[in-house]
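2 protein chains.
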Amino acid sequence: MGNPTLRQITMLELIPRAPQKTYAKELKDKLSNRGYEIDERTIQRDLVALERTLPLRCDDRDKPYGWSWAEKGIGIQAPAMDPIEALTLSLAEQYLEPLMPTANYKRVRIFFDRANAVLKESSPKLINRWRDRVRVLPEMIRFKKPKLIEGIEDQLYRAAFEGLQIKALYRKRGETQSALRHIHPLGLVMKGSINYLICMMDEDAEHPRYMPIHRFEQVTILDEKVKEPKNFNLDEFVHTNNLSFEFSKDLYTFKALFDYTAAAHLVETPLNSTQAVKRQTDGRLLVTARMTDTLQFEQWLKSFGSDVEVLAPKKLRNKFKQLAKELSNQYK
Amino acid sequence: MGNPTLRQITMLELIPRAPQKTYAKELKDKLSNRGYEIDERTIQRDLVALERTLPLRCDDRDKPYGWSWAEKGIGIQAPAMDPIEALTLSLAEQYLEPLMPTANYKRVRIFFDRANAVLKESSPKLINRWRDRVRVLPEMIRFKKPKLIEGIEDQLYRAAFEGLQIKALYRKRGETQSALRHIHPLGLVMKGSINYLICMMDEDAEHPRYMPIHRFEQVTILDEKVKEPKNFNLDEFVHTNNLSFEFSKDLYTFKALFDYTAAAHLVETPLNSTQAVKRQTDGRLLVTARMTDTLQFEQWLKSFGSDVEVLAPKKLRNKFKQLAKELSNQYK
DNA sequence: AAGCTTGCGACATATTTTGTCGGATGAGAA
DNA sequence: TTCTCATCCGACAAAATATGTCGCAAGCTT
């Protein structure tokens, strides 16, 4: 006879969360794989015994009975989260909630729930205090997330993860009708509130495309493996398709004068490690850094309005000259 | 005699992760609280038995022996993560890593490690594929995080969580020397790469301040409870101190013409639910929305350069007129 | 209706669990 | 040093439990 505790713990780890199920026989096999040669009867008894105290569910509508962990229950976790860990997770929650795709967020939610349960137990008063006392503020304006059809997200993820082809109803931008397409998912890119499926289409088996997942209206996963272009590289794709806003990987030396109050934070949170800052006699900050040529950087510069004067490179300074002209025309 | 399995599971949940420890006597008390009246001897025996198979550590340099879970081990988790859950966590990892304070990130890391372990086991080939095939792209430029002194972050968090006063060495912006201060932590605000401690100072017991935590050089937690101004409200503080960049909560009706390609995404990811978009005959998009007057919104508008023409409110249009003038002067 | 699977009660037995006791050990105080 | 105290740990016996086996019943399939 082996150690019943360890065997039962192992068994509990083998039981999936509802709505999935497992069966006595399955458990017997898996336990046997892990070195516990045990009678099926014993497993039945263990399950019934544990069910009395743990949030286990037994679906006895059919035989064999299907066993699972209650969907909402927190199950077992050892070592338990310590309060600091729990605090950190509850902070992570604040970061993730506005950013992450909703379907995914729901799935990590269970961890946050668990964290909050720990906090509640360790210091029920403090947890509310904490909620009142911590804020994660957005750095930039946040857009509404596009609406997604229930379940679509999950299916696209699964297809991308398992590398399976799909058939999907996809609505192009501006169009009101969706069309059936045969798609080979290659990857996923999340950017701000929009997530894209990177994929190959049957029509053009050479060039991958990206499709915002909120334009999918129906997805069926097929049994066939995805056909990939050889040497497909997601980073490369992202760059060449302007998804990451990078024009090139060439570095240039950036130089500009910033208003002190508008850019003082650059001293402590530099653009990158090549950045140098020097206060000028007129109070402005001369900032120098090696930068890659990205649209995001330009947008960031533009957001300073007249609180920045770009000095170098020439090309960028000219762009700003041009911008000045255009704005003058626009608001004349 | 009770059920040994359940009792042992409960006990395992009571054992902290290293470097924290617990002791036989402590476990006896806590188990007794949970309804397991058990001899101390039995606990010792259980611990030794479980140590053989689980990553438990026993520090036997002193008596009583200190028991803990191995720092790196994954312990027990039931129900086990299913692959989709694991996938989602590994995605959350990509979101959080660049955003979250480093000290915190290390603490949630254990969950990500666990997730990756699950993925490795369930489909070792697919996990690598997934890593190659999913990217979370930054929406805006990201600054380097300021350097923090080891342990400072943890202590400030703990003080803020437990509502305890601290003594700290704090270096003001621009100064090279830090000064000792007596501080009453009230809360925390995370914004982009900078995190702030919101607190009261002994010198001015009326007005809370915010202090970037990377300017703290040493922190000692005191035993005394924080004194708070009555009716302290973090959200209010954040607003009145321009941390959230909100000038006022008054809504105005915003109206502007956007270049189509630059702003097409607004159709699918609107600013808020009041937004209306209409395509003009010249191809531009007329966007209308009720907005609050925030600096962030203005910055976002400015980042469009000449791809936006602000129409209303007048005040905002005038700001842009002014901007056009200033830019013209600057780049003349 | 036969055959199969699965759940479950019963039962005897081997095994484990557990409280108790007493000795060993080591730290700190007198 | 010696004494005291807390703790660990081995031993032991009784009580409780765990386990394999068997047989029956229920429900499904063929």
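If you're matching them up, the sequences are chains A and B in order. Position one of the first sequence corresponds to residue -11 (the numbering used here), numbered consecutively onward. Position one of the second sequence corresponds to residue -11 (the numbering used here), numbered consecutively onward. Every residue, glycine too, gets a C-beta built ideally from N, C-alpha and C. Just so we're clear, the structure is a prediction, and the values are computed from it rather than from any experiment.
In chain order, which alpha helix (DSSP H) runs of at least 4 residues are fully inside the region 214 to 251 of chain B?
Within the region 214 to 251 of chain B, the complete alpha helix (DSSP H) runs of at least 4 residues fall at 222 to 228 and 248 to 251.
Helix, strand or coil for D211/B, going by three-state DSSP, please let me know.
Within the second sequence, numbered from 1, the residue matching residue 211/B stands at position 223. Note: D211/B maps to strand in three-state DSSP.
Which one or two residues does DSSP pair with K155/B in a beta bridge?
Within the second sequence, numbered from 1, the residue matching residue 155/B stands at position 167. Beta-bridge pairing links K155/B to H170/B and T208/B.
Helix, strand or coil: how does DSSP classify M(-1)/B here?
If you number the second sequence from 1, residue -1/B lands on position 11. In the structure shown, M(-1)/B sits in a helix (DSSP, three-state: H, G or I).
Let me see if you follow: with CB-CB separation under 9 Å, is P126/A close to chain B or not?
Here the question's residue 126/A lines up with position 138 in the first sequence. Interface annotation, P126/A: in contact with chain B, CB-CB separation under 9 Å.
So, at 6 Å on beta carbons, what are the nonlocal neighbours of P200/B in its own chain, with the 5 sequence-adjacent residues on each side left out?
For the purposes of this step, residue 200/B is taken as the residue at position 212 of the second sequence. Excluding residues within five positions, the ones whose Cβ falls inside 6 Å are I182 and Y184.
Are the CB atoms of A167/B and Y158/B within a distance shorter than 9 Å?
Position 170 of the second sequence, counted from the first residue, corresponds to residue 158/B. Position 179 of the second sequence, counted from the first residue, corresponds to residue 167/B. The answer is yes: Cβ separation under 9 Å.
Taking buried to mean at least 16 other C-beta atoms within 10 Å of its own C-beta, is T(-2)/A buried or exposed?
For the purposes of this step, residue -2/A is identified with residue 10 of the first sequence, where counting begins at 1. Buried: at least 16 other Cβ atoms inside 10 Å.
Considering only the alpha carbon of each residue, which of D192/B, E297/B, Q82/B and R121/B lies closest to G151/A?
Taking the first residue of the first sequence as position 1, residue 151/A is located at position 163. Here the closest residue by C-alpha is R121/B.
Which of the three DSSP states is assigned to I64/B in this structure?
Counting from one through the second sequence, the residue named residue 64/B turns up at place 76. If DSSP states are grouped into helix, strand and coil, I64/B belongs with the strands.
In the DSSP output, what is E297/B paired with across the bridge?
The sequence position of residue 297/B within the second sequence is 309, counting from 1. Partner(s): L245/B.
Which class does I26/A belong to by DSSP, given the choice of helix, strand or coil?
Residue 26/A sits at position 38 when you count from the first residue of the first sequence. DSSP places I26/A in coil when its eight states are reduced to three.
Give the DSSP bridge partners of N183/A, in chain order.
Residue numbering aside, residue 183/A sits at position 195 when the first sequence is read from its first letter. Note: N183/A sits in a beta bridge opposite M178/A.
Partner residues on chain B for H202/A, Cβ-Cβ distance less than 7 Å:
Start at 1 with the first residue of the first sequence, and residue 202/A comes out as number 214. Per Cβ cutoff of 7 Å: E256.
The alpha helix (DSSP H) that contains A148/B, what's its start and end?
Here the question's residue 148/B lines up with position 160 in the second sequence. Run containing A148/B: I140 to E150, per the alpha helix (DSSP H) assignment.
Closer than 6 Å by C-beta to F242/A: which residues in its own chain qualify, once you throw out the five before and the five after it? Chain order, please.
For the purposes of this step, residue 242/A is taken as residue 254 along the first sequence, with counting starting at 1. Cβ neighbours of F242/A beyond the five flanking positions: A277 and M279.
What number of angstroms, rounded off, separates the C-alpha of L274/A from the C-alpha of D281/A?
In the first sequence, counting from the first residue as 1, residue 274/A sits at position 286. In the first sequence, counting from the first residue as 1, residue 281/A sits at position 293. The straight-line gap separating the alpha-carbon atoms of L274/A and D281/A is approximately 19 Å.
Comparing alpha-carbon positions, which option in P86/A, N219/A and L44/A lies nearest E194/A?
Residue mapping note: residue 194/A aligns to position 206 of the first sequence, counting from 1. Residue N219/A is the option with its Cα nearest to E194/A.
According to DSSP, what are the bridge partners of M199/B?
Position 211 of the second sequence, counted from the first residue, corresponds to residue 199/B. L185/B, per the DSSP bridge assignment.
For A88/A and G180/A, I'd like the C-alpha separation in whole angstroms.
Counted from its first residue, the first sequence places residue 88/A at position 100. Counted from its first residue, the first sequence places residue 180/A at position 192. Note that residue 88/A corresponds to Met in the displayed sequence, not to Ala. Roughly 9 Å separates the two Cα atoms.
Spatial neighbours of P196/B within its chain, please: CB distance less than 8 Å, with the 5 preceding and 5 following residues excluded, ordered by chain position.
Along the second sequence, read from residue 1 onward, the residue named residue 196/B stands at position 208. Result list for P196/B: L174, I186, C187, M188, P217, F220 and F225, in chain order.
With DSSP collapsed to three states, give me the class of D47/A.
As a working note, residue 47/A is residue 59 in the first sequence. Strand, per DSSP.
Among the candidates R130/B, E81/B, R5/B and M69/B, whose CA atom is the shortest distance from the CA of Y93/B?
Your numbering for residue 93/B matches position 105 in the second sequence. When each option's Cα is compared against that of Y93/B, the closest is E81/B.
Taking the C-alpha atoms as reference points, what is the distance between E25/B and L(-6)/A?
The residue you call residue 25/B lines up with position 37 of the second sequence. The residue you call residue -6/A lines up with position 6 of the first sequence. Roughly 21 Å between the two C-alpha positions.
Let me know if L239/A comes out buried or exposed under the rule of 16 or more other beta-carbons within 10 Å of its beta-carbon.
Taking the first residue of the first sequence as position 1, residue 239/A is located at position 251. Exposed, since its Cβ has fewer than 16 Cβ neighbours within 10 Å.
Assuming the contact rule is C-beta atoms closer than 8 Å, A66/A and I64/B should be a hit. Round their C-beta distance to whole Å, please.
Residue mapping note: residue 66/A aligns to position 78 of the first sequence, counting from 1. Residue mapping note: residue 64/B aligns to position 76 of the second sequence, counting from 1. Right, the Cβ-Cβ distance comes to about 4 Å (below 8 Å), so this counts as a contact.
Under DSSP, the alpha helix (DSSP H) around R121/B begins and ends at which residues?
Locating residue 121/B in the second sequence gives position 133, where the first residue counts as 1. Element bounds for R121/B: P112 to R121.
Note down, in chain order, each residue of its chain lying with its Cβ closer than 6 Å to the Cβ of A331/A, except the 5 sequence neighbours on either side.
A query on residue 331/A cannot be resolved here, the shown segment of chain A reaching from -11 to 320 and no further.
Can you round the beta-carbon distance between D295/A and A252/A to whole angstroms, since I take them to be within the 8 Å contact cut?
Counting from 1 along the first sequence, the entry for residue 295/A is found at position 307. Counting from 1 along the first sequence, the entry for residue 252/A is found at position 264. Contact flag wrong, Cβ pair sits at about 11 Å.
Three-state secondary structure assigned by DSSP to L125/B
Reading the second sequence from its first residue, position 137 is the one you call residue 125/B. DSSP places L125/B in strand when its eight states are reduced to three.
Spatial neighbours of V124/A within its chain, please: CB distance less than 6 Å, with the 5 preceding and 5 following residues excluded, ordered by chain position.
Within the first sequence, the letter at position 136 stands for residue 124/A. Excluding the 5 residues flanking it on each side, V124/A has same chain C-beta neighbours closer than 6 Å at Q82 and Y83, in chain order.
Chain A within 9 Å of M178/B, Cβ atoms only:
Walking along the second sequence from the start, residue 178/B turns up at place 190. So yes, M178/B belongs to the interface.
How should T269/A be labelled, buried or exposed, when 16 other C-beta atoms within 10 angstroms of its C-beta is the threshold for buried?
Taking the first residue of the first sequence as position 1, residue 269/A is located at position 281. Around the C-beta of T269/A, fewer than 16 other C-beta atoms lie within 10 Å, and the residue is accordingly described as exposed.
Cβ-based burial, G334/B [other Cβ within 10 Å; buried from 16]
The displayed coordinates of chain B run from -11 to 320. Any statement about residue 334/B would go beyond what the structure contains.
Three-way DSSP call (helix, strand, coil) for D101/A in this model:
What you label residue 101/A is simply residue 113 of the first sequence in a count that begins at 1. Residue state, collapsed to three classes: helix.
Which residues in chain B sit within 7 Å of T76/A, going by Cβ to Cβ distance?
Your numbering for residue 76/A matches position 88 in the first sequence. Those within 7 Å of T76/A in chain B are N92, R95 and V96.
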